[in-house]
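Chains as they are written, first to last, in the working numbering: chain V, 1 to 476; chain X, 477 to 1306.
Even for Gly, the Cβ is constructed at its ideal location relative to N, Cα and C.
These notes concern the structure reproduced below.
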Amino acid sequence: MSRQAMIIDMDRCVGCGACAVACDAEWELPEGVRRAWVEPLWPVPAKGQVVFTHFLGQCNHCSDAPCVPACPTGATFRDAKGRVRVDDKACIRCGYCVSACPYGARMLRPEGGRLEKCDFCAPLVDAGLIPACVRTCPSGARVFGDLDDRDGQVARHFRTHRVERLETSAVAVQPNVYYSGRKDVLERIRLSHPPRPAGLHPPLPGRLLRDLLKPAFMAMLALGALGVAATFLRQLLRGEGDDASGHGGAEAGPEVGEVHRHDAVILWLHWFNALAWLFQASTGFALLGRTAYSVTPPFFNDAMLSVFGSGATMLRAHIVVGLIWAVVLVMYGVFGFKRYLVPFLAGLRLRPDDLRWIRTRSGNIFRRSEQPLPPQDKYNAGQKLCGMAVSLGTFVVASTGLVLYFLPGSGAIVQWAIPLHFAAAAGVVLAILIHVTVVTLLPAERPALWSMFTGKISSRYAREHNARWWNGLKDK
Amino acid sequence: MDDKPRVDRRTLLKLLGMGAASPAILPHVAQAESGLRPQVRHGEGLAEEVPSLCDMCFWRCGILAKVRGGRVVRVEGNPDHPRSRGRLCARGIEGWRQLEDPDRLRTPLLRVGKRGEGRWKPISWDRALDLWASKTKEAIEKQGPGAIGLFSHGLSSHFINDFVQHLGSPNRSVPSFGQCRGPRDVGFQLTFGEGPGSPARHDMSNSRMIVLFGSHIGENIQTGQVAELTDALSRGARLVVVDPRMSVAAGKAQRWLPIRPGTDTALLLAWIHLLIAEDCFDHDYVERYTIGLDELRCEMAPYTPKWAAQVTQLPLEAIVTEAREMAKRRPAVMIHCGRFSTWYGNDTQRSRAMAILTALLGAWGRPGGYFLKSKIKLGPGPCPAPHGPMAESVATGRHRFTHFGVAAQELIDASIGKQAPVRQWILWAVNPIQSLPGSKRTREALGSLDFVTMVDILPTEGAMWADLILPEASYLERYDDILAVGDHPRPFVAIRQPVVSPRGEARGPYWIVQQLAHRLGHKDCFTHPNVEAFLDARLAPVGIGCEGLARKGIHLLEEQLPYLLGGRPHSFKTPSRKIELSSATLQRGGYDSIPRFEPVAQPREGWFRLITGRSPYHAFARTQNNPRLMAKDQENMLWVNDEVARAKGLRQGARVFLQNEDGVRTGPIKLLLTPAIRPDAVYTVHGFGGQSRALKKAFGKGVSDNILSSRYAVDPPTGATGFRVNFVQLVRRDGSEISGSSKACQKAREAFSDPPKAEGSLGPRASDRPPRETPGGTTPVEEPARESPGRPSTSPPHPRPSPDRQAMPPRQGAPDGDGDTFRVKMEDGC
């Protein structure tokens, strides 16, 4: 691996700004957008001696670049030549990296345009040319090359000049842009343009995501895992039949066949939803994989990345599936408004019985007691809660997803959409995990699982578990 | 070394211990070898690449224009150009945006409103040229060809200059002489027999010491010059910057000498004094190549460093030390002659002092000093010699050393009033309102002329006063005359060619002047059907055709060894064939043969000298309508000494107005308060404060220093106009002074004394000639400088015509004097 680096020789630099103008021209940047810039440091009284010099700013291609983990999609990365670059196709224009740069070297083009930063003219250099700024510099103040090449220009300059990095103890990010020159000149630059410690972090929504939501999700995931393990253990110890007979056998009635519970649309929708969530959750979490917000283990992230080839493809797939999913859900809501949506939402209404049911049911599970359960609707309280969480989460995830896709670069809206997207997804994922655990591990719930394939459920089960619904059916 | 005269320059420099003058970074370019327009990478796709020459400043860097679909998409440097070596400054990179400037002149325009009102109607080229020709004919018939006055600038004006000369009018003026480098060139020419060249033949990358007088290289940017300076610095050259303000260059210097404005000559004379008094000049060189040392010895005796320290307000120690440093490092000492040299009206003599100092250090024709000029022979120009005698010049004869045509203010004076000898003006790429001092008188002249034709690209301030405006093709749309550069160790010819077709109806200069000439019946001029054929003929002696040169952009000629090597004999082009430390030519013209210190008026309490400089993003006043350059540098600031500001209660970044002694008021201008400028001067960047409403981006941005230059001081030998004689006050919007004084303020304005009468001369070979009387009344002039065309105390206003007139520079030649000229080289003949 090589390490491309640049030295700006302030003994040579005259601050003419040709480098920055060449950069603007080479990359056809619109007015007001910059990758590199030159600011005069006027000889005004400051600390130390009065000097007249310039500040030359650009991406410092830090070895420990804070922008890389701040990027929620992995679009910002360090390439094999040590350059910090942005994969435009994986970039969602959220601007987290803009806030997370201690040097202010990143900028979004207006109106959702792409993120601009110095990439050491990677396309030119990879084609055997030299960066535009280096080529045009009239005073030869920019030295560019491979830091690891001992005979290269950069290494030679290192041997003959005093070089410094624009670093402080608070911001120790190991930049690969070096400044050489007189001590008082470098001192002036350092005083006027210290790296911002704030630039080590993404903006508030990003920090919220990194420091609050992510740990909270991880903790709940751990708790959930414990719960699953406990349930599983209990099942192992008690055996399946116990529960099945003990639970339902108290008032065994005659078998009266099966009743219709779900129609095909619901079945299809349920499983479509399930698959969509599976895909979106795994791609979504894998996108976060190489960032500060990662919640999944590296082997998973790597596996996902190798499946999709690149973060950009993964993001594209995430977006495409998300859009299809959103369209299906909207069609369901529009065309099945009366038939499906309203009854479904009505069915989620919690009754006083439901609360008692939850208390009793969890008591039964955890305390191994066998209190009789209050009568339930078509969906029991647990299912209702799960349904509510999933519905709300779906709404939030879909709308924030649409915001992220359709309003790129819109500042705070996009920045806040990211933790919301995450929180909603995380909530749904937790709910789904509980839901899946319950229906797979608790034998008592298993008929409900089968009913999601057949659409039917045994009358006995319905009578026992969904008494209120059963009674309603009987009345009809 | 003498028996091997063809030593390669690099080897020689190595032998001399100078190290190779190789660029620090040689950029490589992907460029195909064949085809007129190679395909190169640009962005996602390919573009055609066309070599040409930049026109944003006099350096004329080589460019490679990338063109896609008939539009320029990017301009890069041409690495083959020996001067720019692939580098471009901000202006060079973004200059192409002028092509698409919405304010550009697109068709010929005829004035319909009153002159100066700015109302025109578009007309056809045919009608425009017919009108121009008929007006010209009318004027010539009535008053002779002298009635045609021409102001011109740049490579594109070679054709019109040649033709106006062919017509027989000597009344031509170039601001690049009288408002820029005239005195500098004349001072060197009188000393060495040739000027320093343009760009000057500074061998700076080999210098071991560089002394800059007001040159702010880096802010005033020419790519190759910056490279040479920084190369020299990185090799350990000592840099001394003499400037009332701490420039970027001063910020890199071992010594910044914040000199009292107007006293540069005192410092130079003291240095000459020291070199002679301490006997550390280059004896061998001086003996071999110069005359006039004895006279110099006498004349320099009074200019002691102690006296100079008081006059210049520089530390005595610094003056003495730097003279010794120079002596230690000679001959590789660059006394940089600068370029813009029209300061105080005593400029030729300051330039002479620089030249003499250079000669004493043995630096002319030596590595690290000035190298010698190489000759390039080109084919004939477009017009034959004038058929009849030249018309009478409007030159007053006061200025015997006006190199080129007549002094600008003489031409202006001769154009005011209905009886004036000059009745028509042609303004070729010159904006007289912004570039000539005393714009009030310029306006007066423009108001009283019969006909004003303007050829330009943008509707400048000057265009407002034109009757007929002709849209010239911009530098990316036209062929110009061949650029032949002999002022470089590697002489070369280069071509400016169209990289895209002209926007609107803009046309190239050859065609425009050809049309005029043929309409006036001068069929013996511009005989080649088109400019390509003409350029082919021009290039014939070089051995390359127009098409061949167009493919490469640059054609390198044989590398030269332009030094006086091993003390080889050399015949200088002066009357004595030697370097003239004492100039008999000057004396015969009625001027001092050896420079003397002449004090200039110093500002009173509360007044400041206005000094101006350059921004690296702007070319004079020509780029303020360029959106990208303007975005980088939008307005100029006023540098004011911070102690002065404190006394006046001014805060950093506040805005004030400026008012000069003629009551001209302008502003507001943003303040930059700094200890890095003397308390008796204020500084701002030239070119801002656009007054033409037709230039939408430039209009009203920043402040124009030019309108504050309502006065000027004329340099007697050349007639060049010194711009730095106006004083300004810091005022409020209503014109009331922002008062407040401090000790620093008063100290900077302290009076200084005459140089003490010399006891004798310096050194052993003192002649017994008593030193000349030093100028009287050197106490600071309490009143601001007056507009005075001459200095009666130092030079007779009307020196009698001298018999050895031919010893003077000829009044013919190309406007810029650089490259080859059509018939008479500017620097020949002395």
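Cut-off 6 angstroms between Cβ atoms - residues of its own chain near residue i, not counting five sequence neighbours on either side
i	result
X/E525	P514, V516, L540, K542
X/A753	L1238
X/P974	E953, R954
X/A1097	Q910, G1163
X/D740	F689, R826
X/F1002	P858, Q990, A993
X/Q1036	S850, P965
V/V390	V428, A431
Beta-carbon contacts of residue i that lie in its chain and below 7 angstroms, excluding the five residues immediately before and after
i	result
V/R207	H201
X/L1105	A566, R567, E570, Y1093, H1094, T1099
X/P1155	N1117, E1119, V1120, A1220, C1221, A1224
V/M220	L430
X/A785	P791, L792, I795
Bridge-paired residues (DSSP) for residue i
i	result
X/E552	X/L540
X/P649	The residue you asked about is not Pro; residue 649 of chain X is Ser in the sequence shown. For X/S649, which the question treats as bridged, DSSP gives the partners X/F627.
V/E164	V/Y179
V/A146	First, the residue type needs correcting, since residue 146 of chain V is Asp and not Ala in the sequence shown. Partner(s): V/Q4.
X/N696	X/I693
X/V1190	X/T1197
X/I748	Answer by DSSP bridge pairing: none, since X/I748 is not bridged.
V/E534	This structure does not reach residue 534 of chain V, given that chain V is present from 1 up to 476, and the question cannot be answered.
X/E771	Answer is none; X/E771 lacks a bridge partner.
X/M930	X/L903, X/I945
X/K443	This structure does not reach residue 443 of chain X, given that chain X is present from 477 up to 1306, and the question cannot be answered.
V/P40	V/H54
X/G1371	Absent from the structure is residue 1371 of chain X, since the part of chain X shown begins at 477 and ends at 1306.
Proximity below 9 angstroms, CB of residue i to CB of residue j
i	j	result
X/E695	V/G199	no
X/D719	X/G700	no
X/R684	X/G855	no
X/G620	X/E868	yes
X/I1020	X/P558	no
V/L204	V/E116	no
X/I902	X/S628	yes
X/T818	X/P659	yes
X/V716	X/I735	no
X/L1149	X/R1127	yes
V/T76	V/R85	yes
X/W601	X/R983	yes
Residue i beta carbon near the ligand GTP (any heavy atom closer than 8 angstroms)
i	result
V/V44	The ligand GTP is absent from the structure shown, which contains no ligand whatsoever.
| request: Using a Cβ-Cβ cut-off of less than 9 angstroms, list which residues of the region 134 to 145 of chain V approach chain X; keep chain order. | output: V134, R135, T136, C137, P138, S139, G140, A141, R142, V143, F144
| task | Identify every run of the alpha helix (DSSP H) within the region 341 to 413 of chain V, keeping only runs that are complete inside it and at least 4 residues long; order them along the chain. | result | 342 to 347, 352 to 367, 381 to 406
| For the region 1010 to 1064 of chain X, which segments carrying the beta strand (DSSP E) assignment without a break, of at least 3 residues, lie completely within its bounds, in sequence order? | 1030 to 1032
| query | Of all the residues that make up the region 509 to 538 of chain X, which are near chain V by a beta-carbon distance shorter than 7 angstroms? | reply | R517, G519
| Residues from the region 569 to 584 of chain X in contact with chain V, defined by Cβ distance under 8 angstroms | I569, E570
| For the region 2 to 14 of chain V, which residues have a CB atom closer than 7 angstroms to at least one CB atom of chain X, in sequence order? | D11, R12, V14
| task | Identify each residue in the region 1137 to 1169 of chain X for which the Cβ-Cβ distance to at least one residue of chain V is less than 9 angstroms, and report them in chain order. | result | L1148, L1149, T1150, P1151, A1152, I1153
| query | What residue ranges within the region 1101 to 1178 of chain X form continuous beta strand (DSSP E) runs of no fewer than 3 residues, ordered along the chain? | reply | 1113 to 1117, 1131 to 1136, 1141 to 1150, 1157 to 1161
| field | Contact list for the region 705 to 727 of chain X against chain V, Cβ threshold 8 angstroms | value | L705, T706, D707, L709, S710, M722, S723, V724, A725, A726, G727
| request: Pull out every residue of the region 1083 to 1113 of chain X whose Cβ sits closer than 9 angstroms to any Cβ of chain V, in chain order. | output: P1092, Y1093, P1103, R1104, L1105, A1107, K1108, D1109, M1113
| request: Could I get the ranges of all uninterrupted alpha helix (DSSP H) runs contained in the region 672 to 741 of chain X, with 4 residues as the minimum, in chain order? | output: 699 to 710, 724 to 728
| Residues of the region 180 to 203 of chain V with Cβ closer than 9 angstroms to any Cβ of chain X, in chain order | R182, V185
| said: Using a Cβ-Cβ cutoff of 8 angstroms, what residues of the region 147 to 169 of chain V are near chain X? List them in chain order. | reply: Q153
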